[in-house]
Amino acid sequence: MKKAHAINRRGGAHRLGACALAAAALFTAPTPAWARTTQSITDTRVAWPTLSDLISVITLQGYNTRLVVLSTAMLGLAAGVIGSFLLLRKRSLMGDVLSHATLPGIAAAFMVMVAWGGGGKSLPGLLAGATVFALLGVGCVQLMDRHTRLKDDTAMGIVLSVYFGLGIALMGIVQSMPGGNKAGLESFIYGKTASMVFNDFVLIAGVACACSAVCLTFFKEFKLLCFDDGFAQSQGWPVHTLDLLMLILVTCVTVIGLQAVGLILVIALLITPPAAARFWTEDLRKLMAVSAVVGALSGWLGASVSALVPRMPAGAIIVIVAAALFVLSMVFGTARGVLVRARRRRRLDRRIARQHLLRAMFELNEQAPASHTGQTTTQRDASVTFRQLLAARSWNTRALKRLLNRARRAELIQPTPAGAYTLTEQGAAEAARHVRNHRLWEIYLITRADIAPNHVDRDADEVEHVLGTDMVAQLEQLVKLPLPKRAVPASPHG
Amino acid sequence: MQWTHEIDTWIVVIGVLCSLSCALLGNFLVLQRMSMMGDAISHAVLPGLAVAFLITGSRSSVAMLTGAVIAGLLTTLFTQWVQGFGKVDRGAAMGVVFTSLFAIGLVLIVQAADSIDLDPNCVLYGAIELAPLDDTLFFGSRVPRAVPLLALVLLVNAAVVALFYKELKISSFDPALATALGINANAMHYLLMVLVAVTAVASFEMIGSILVIAMLIVPAAAAHLLTDRLGAMIAVSLVFGAASAALGHLAAITVPPLLFTGVQDTTTSGMMVVVAGVLFGTTVLLAPRHGAISKAWHRWAFSLRMLKEDALGLLYRFEELPSPPGPVSIVTMLCHAKRTGPLLARLAVIRLLAEGKLQRQRNGYTLTAAGRDQAAGLIRAHRLWESYLVDRIALPADHVHRTAEGLEHITTESLAQALYERTGHPATDPHGKAIPNPDHKQN
């Protein structure tokens, strides 16, 4: 009986930690000779590679290294290309579902081949089984999504886990089945990065090139599908067929990836490089290119590191390199990176604050007592004190000081000997323009949108910063002010 | 099959405890559209376990659970950051985070692997078969060590769900309302994630990391198809969970020998999930309201009703002609006019005959009085809609027929009356045809 066998093997005791730690052994099962050491846990020294090792690995001198590095780089490239479409179609986790759903396919293919009297380990047969079940899984997700009240995430979770469960149950049967050469079935599932042979490389390179070529051929169609599938359908494109083609490509990449580098790695390769590339560009062509480069780079660097440093499982290192590239892209990306967006945001905030300052000064000048009567055109000569400004808006002392300093450096205001501020000529012009925009919008809201005069200020406060010249021209036409051109109307709410 | 009391009964008990704790939380994951978060967390607890082990040097449950909870929280936190700061799609954000954390966990574990005795299969397959052998003294009797731990997890989950039932319910269905009511939906989210992480770790030793996801989601999804009430959904999911655990073990030791000679049994955890999947599939097909079969039946029954009504309408229109053609071979007419199959058309006619609305003549069918009444109601609705669409919505008269054709089947008596009022009591429709009026019937 199986249990008795298990007891003998395990000696009874069994604990959580061992279980968790066992995962590692799975994913690194065939440890390459050059990475096998006998260090213990207390010995945490890392054996740093020498310079010559480094050069020989980076320049792909060893035969084995060359195979591994080239294969993973090719895989990363293909996954990056097809992953771009998945990302834009918001289907990133489909790779996750696909890769888990292949397991029962491998086991079932093995059973069928054994039943027909083969050894059961023919590579094309197993991969065909994997592909069939992966596509079945995708079909189930789509059926559930379309015909039940369950949401797509639940459908994906169900297919992923139930197929995997079925796979495990079938594997359990395979293990105790008589006949067939089942050794190494698990390395199919968990990848065998470090011990790839030439045939694996040929398979990966072939499928990767074919998938990339199909992606490029159908570039226009896929692009349409990603950005507006409703439009594509109305234009008569076979949307469902294209969708299926896309998923078949993902399946192919997943299956060769499983075989070569493992389950988790292939999910990461489908998701991470495109997500990283998205930070650098808004253009789909460039996105695909950058994504392919990130994927290939992760494969190359990851496989090289794992070849150089002992006890570094290649699959995991490739994922970590990809994740590092993702973090770098997220921070430094030139199109949507965090820093770029923060800078844009800061610039906008500053412009808005400056415009608020100028408008506040302008309005304070307007309210100034009659000492300046008869000088409406030279209002800018009137000075405004810091205290007055502080009371004009809800800004704090430090922010206002910084704001005044910046405005002074931009020569929009100048300090008076008395410690107050006046607008320069340039500042007065800009201030007048903004006050005018603000009031045009207020008048528009009052006359055209029937909004109460005491409700319009806040709305205009936000809109004044984004009114372009066209918009202002339109507003002028709509509100028809009985005023000379460029004159600033009086505030409609006093 | 060979049932050993000490082993098989305990296996079932452990399986049921696992699946109950999972199914309880799964309801909220399914409702909050966070099913894949369960997947992400159960992968991403790995680095938490590894770091906990590297720091404490022990494999005590407390250290492991703490590590797992921290890892689970980090997963949700990182996912939210990547999604928020990076403006990345939620699915992609999750994928990036959990694969990276998993990879880090693997590297850490490989660094520590040499000093640990390993059984490579247990993470994946779970080791529920072995759990009864690792027993401990609990209140004076020997029970498997996993039982008190899992029972505790189940108790904690049940207590939290009972305590925060209202809060969880509102934040599952309407997070905005929850916030407006002063419930911290974010805190609820993290509480749920902590529980999922703890449950995932406690169960993952038994049923394997990926199968935890199945036990989280599948029973809850099946329950969601059966009921619209949260309380009932939780109850049903618990029953499904327990049933899949018990039947799963039974199936694991009975089914394989039937299918393959020389095979005794297979992995219990795998079979548990297969049974859960079968139960789910059955529910998808048979659920009374949301099931595929009942939906197909309702669609079919509706199209049959429409076809019956169309047959009456057609005959009525024939009778209206200046020179009525007499009995009509309505089946061919229906097939032609409604593009339906002859079988369904024939069935519609048979039903109408049975209801006494049609009369069989020598070379076709005519309406009975009852049939004419119903047909008049339909035609009235149709023509009132046409008048309304032309008068009120200003559609051109030659564009309204098709719309009215659809609406006539779902127009009630009172709606027709309202249309009649609204269009100013018309006597004819925009095409000049008389609108039947039940108040003063012709002759």
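Protein chains in written order, with the numbering used here: chain A, 104 to 597; chain B, 128 to 570. Where a beta carbon is used, it is the ideal one built from N, C-alpha and C, also for glycine. In this text, all values refer to a predicted model and were calculated from it rather than measured experimentally.
Please confirm if Met221 (chain B) has its CB atom under 9 Å from at least one CB of chain A. Working through the second sequence from its first residue, we reach residue 221 (chain B) at position 94. So yes, Met221 (chain B) belongs to the interface.
Along the alpha helix (DSSP H) that carries Ile455 (chain A), what are the first and last residues, could you check? Taking the first sequence and counting its residues from 1, the one referred to as residue 455 (chain A) is at position 352. It spans Val441 to Gln470 - the alpha helix (DSSP H) in which Ile455 (chain A) sits, taken as one unbroken run.
Quick one: list the residues of chain A neighbouring His417 (chain B), beta-carbon separation under 8 Å, in chain order. Against the second sequence, residue 417 (chain B) aligns to sequence position 290. Neighbours of His417 (chain B) on chain A, chain order: Thr251 and Arg252.
Does any C-beta atom of chain A lie closer than 9 Å to the C-beta of Asp301 (chain B)? By 1-based counting over the second sequence, the position of residue 301 (chain B) is 174. No - not a single Cβ of chain A is within 9 Å of the one on Asp301 (chain B).
Backbone secondary structure at Leu485 (chain B) - three-state DSSP: As a working mapping, residue 485 (chain B) is identified with position 358 in the second sequence. In the structure shown, Leu485 (chain B) sits in a strand (DSSP, three-state: E or B).
Any contact between the region 165-176 of chain B and the region 303-312 of chain B? By contact I mean 3 or more CB pairs, one from each, below 8 Å. Judged by Cβ distances under 8 Å, the region 165-176 of chain B makes no contact with the region 303-312 of chain B, as fewer than three pairs qualify.
Just mark Asp386 (chain A) as buried or exposed, buried being the case when its beta carbon has 16 or more other beta carbons within 10 Å. Counted from its first residue, the first sequence places residue 386 (chain A) at position 283. When all chains shown are included, Asp386 (chain A) counts as exposed.
How many Å lie between Ile168 (chain B) and Leu357 (chain B) at the Cα? For this step, residue 168 (chain B) is matched to residue 41 along the second sequence. For this step, residue 357 (chain B) is matched to residue 230 along the second sequence. Distance between the alpha carbons of Ile168 (chain B) and Leu357 (chain B) is about 24 Å.
Tell me the rounded alpha-carbon separation between Gly398 (chain A) and Gly218 (chain B). As a working mapping, residue 398 (chain A) is identified with position 295 in the first sequence. As a working mapping, residue 218 (chain B) is identified with position 91 in the second sequence. Straight across, the Cα-Cα distance linking Gly398 (chain A) with Gly218 (chain B) is about 19 Å.
Could you give the distance in angstroms between the alpha-carbon of Asp404 (chain B) and the alpha-carbon of Ala258 (chain A)? Locating residue 404 (chain B) in the second sequence gives position 277, where the first residue counts as 1. Locating residue 258 (chain A) in the first sequence gives position 155, where the first residue counts as 1. First, the residue type needs correcting, since residue 404 (chain B) is Gly and not Asp in the sequence shown. Rounded to the nearest angstrom, the two C-alpha atoms are 12 Å apart.
Counterpart residues of Gln517 (chain A) in DSSP-defined beta bridges: As a position in the first sequence, residue 517 (chain A) is number 414, starting the count at 1. DSSP lists A:Thr525 as partners of Gln517 (chain A).
Extent of the continuous alpha helix (DSSP H) run through Pro275 (chain B): Counting from one through the second sequence, the residue named residue 275 (chain B) turns up at place 148. Per DSSP, Pro275 (chain B) belongs to the alpha helix (DSSP H) from Ala273 to Leu290.
Looking at the C-beta of Asp452 (chain A), does it have a partner C-beta in chain B at a distance below 9 Å? As a first step, residue 452 (chain A) must be located in the first sequence, where it is residue number 349. It does not: the Cβ of Asp452 (chain A) has no partner Cβ on chain B nearer than 9 Å.
Using beta carbons (cut-off 9 Å, strictly below), is Ser430 (chain B) in contact with chain A? The count along the second sequence starts at 1 and reaches residue 430 (chain B) at position 303. False, the Cβ-Cβ gap to chain A never drops below 9 Å.
Is any beta-carbon of chain A found at less than 9 Å from that of Thr226 (chain B)? One-based indexing of the second sequence puts residue 226 (chain B) at position 99. At a cut-off of 9 Å between beta-carbon atoms, Thr226 (chain B) makes contact with chain A.
Is there a Cβ of chain B sitting closer than 9 Å to that of Lys326 (chain A), yes or no? Translated into positions along the first sequence, residue 326 (chain A) becomes position 223. Not an interface residue.
Determine, using beta-carbon pairs with one atom in the region 369-384 of chain B and one in the region 430-440 of chain B, whether at least three such pairs fall under 8 Å. The region 369-384 of chain B is not in contact with the region 430-440 of chain B.
Quickly, what does DSSP pair Tyr492 (chain B) with across the bridge? List them, please. As a working note, residue 492 (chain B) is residue 365 in the second sequence. DSSP output for Tyr492 (chain B) lists B:Val455 and B:Arg487 as bridge partner(s).
Nearest chain B C-beta to Thr257 (chain A) closer than 9 Å, yes or no? Within the first sequence, the letter at position 154 stands for residue 257 (chain A). Yes, contact with chain B.
Assess, as a yes-or-no matter, whether the region 526-539 of chain A is touched by the region 501-517 of chain A under the definition of 3 or more beta carbon pairs within less than 8 Å. Output reads yes: the region 526-539 of chain A touches the region 501-517 of chain A.
Check the Cβ of Lys193 (chain A) against every Cβ in chain B and list those closer than 9 Å, keeping chain order. One-based indexing of the first sequence puts residue 193 (chain A) at position 90. The contacting residues are Asp216, Arg217, Gly218 and Ala219.
What is the DSSP secondary structure of Val390 (chain B), counted as helix, strand or coil? Translated into the one-based positions of the second sequence, residue 390 (chain B) becomes position 263. Coil at Val390 (chain B), not helix or strand.
Burial state of Trp137 (chain B), where buried means 16 or more other Cβ atoms lie within 10 Å: As a position in the second sequence, residue 137 (chain B) is number 10, starting the count at 1. Per the 10 Å Cβ criterion, buried.
Run through the DSSP bridge pairs and tell me what Ala403 (chain B) is partnered with. Here residue 403 (chain B) is taken as the residue at index 276 of the second sequence, counted from 1. None, per the DSSP bridge assignment.
Simplified DSSP assignment, three categories, for Thr550 (chain B): For this step, residue 550 (chain B) is matched to residue 423 along the second sequence. When secondary structure is reduced to three states using DSSP, Thr550 (chain B) falls in the coil class, being assigned neither helix nor strand.
In terms of residues, what are the limits of the alpha helix (DSSP H) holding Phe213 (chain A)? Position 110 of the first sequence, counted from the first residue, corresponds to residue 213 (chain A). Start and end: Met197 to Ala218.
Would you list the residues sitting across from Val270 (chain B) in a DSSP beta bridge? Residue 270 (chain B) sits at position 143 when you count from the first residue of the second sequence. Looking at the DSSP output, Val270 (chain B) bridges to B:Thr263.
With 16 as the cutoff for other CB atoms within 10 Å, does Arg501 (chain A) come out buried or exposed? By one-based count along the first sequence, residue 501 (chain A) stands at place 398. For Arg501 (chain A), the number of other beta carbons within 10 angstroms of its own is below 16, and it is reported as exposed.
Residue ranges of each beta strand (DSSP E) run of no fewer than 3 residues wholly in the region 522-562 of chain A, ordered along the chain? Counting only runs of 3 or more, we get 524-526.
Shortest alpha-carbon distance to Ser162 (chain B) belongs to which of B:Lys296, B:Thr206 and B:Val345? Within the second sequence, residue 162 (chain B) is the residue found at index 35, counting from 1. Here the closest residue by C-alpha is B:Val345.
C-beta atoms of Tyr443 (chain B) and Ala502 (chain B) nearer than 9 Å: Here residue 443 (chain B) refers to the residue found at position 316 when the second sequence is read from its first residue. Here residue 502 (chain B) refers to the residue found at position 375 when the second sequence is read from its first residue. The answer is yes: Cβ separation under 9 Å.
In the DSSP assignment, find the alpha helix (DSSP H) that holds Ala593 (chain A) and state where it starts and stops. Taking the first residue of the first sequence as 1, we reach residue 593 (chain A) at position 490. It is not in any alpha helix (DSSP H) - Ala593 (chain A) carries neither H nor E in the DSSP assignment.
Beta-carbon contacts of Cys355 (chain A) that lie in its chain and below 6 Å, excluding the five residues immediately before and after: Mapped onto the first sequence, residue 355 (chain A) falls at position 252. Cβ neighbours of Cys355 (chain A) beyond the five flanking positions: Val310 and Cys314.
Among B:Phe266, B:Ser268 and B:Ala273, which has the Cα closest to the Cα of Leu257 (chain B)? Mapped onto the second sequence, residue 257 (chain B) falls at position 130. Per the Cα distances, B:Ala273.
Assuming Pro376 (chain A) and Ser401 (chain A) form a contact by the criterion Cβ under 8 Å, report the distance between their Cβ atoms to the nearest whole angstrom. As a working note, residue 376 (chain A) is residue 273 in the first sequence. As a working note, residue 401 (chain A) is residue 298 in the first sequence. Indeed they touch by this definition, with Cβ atoms about 7 Å apart.
For Ser188 (chain B) and Asn278 (chain B), the rounded distance between their alpha carbons: Position 151 of the second sequence holds residue 278 (chain B). Position 61 of the second sequence holds residue 188 (chain B). This sequence places Ala at residue 278 (chain B); Asn is not what is there. If you take the alpha carbons of Ala278 (chain B) and Ser188 (chain B), they lie about 14 Å apart.
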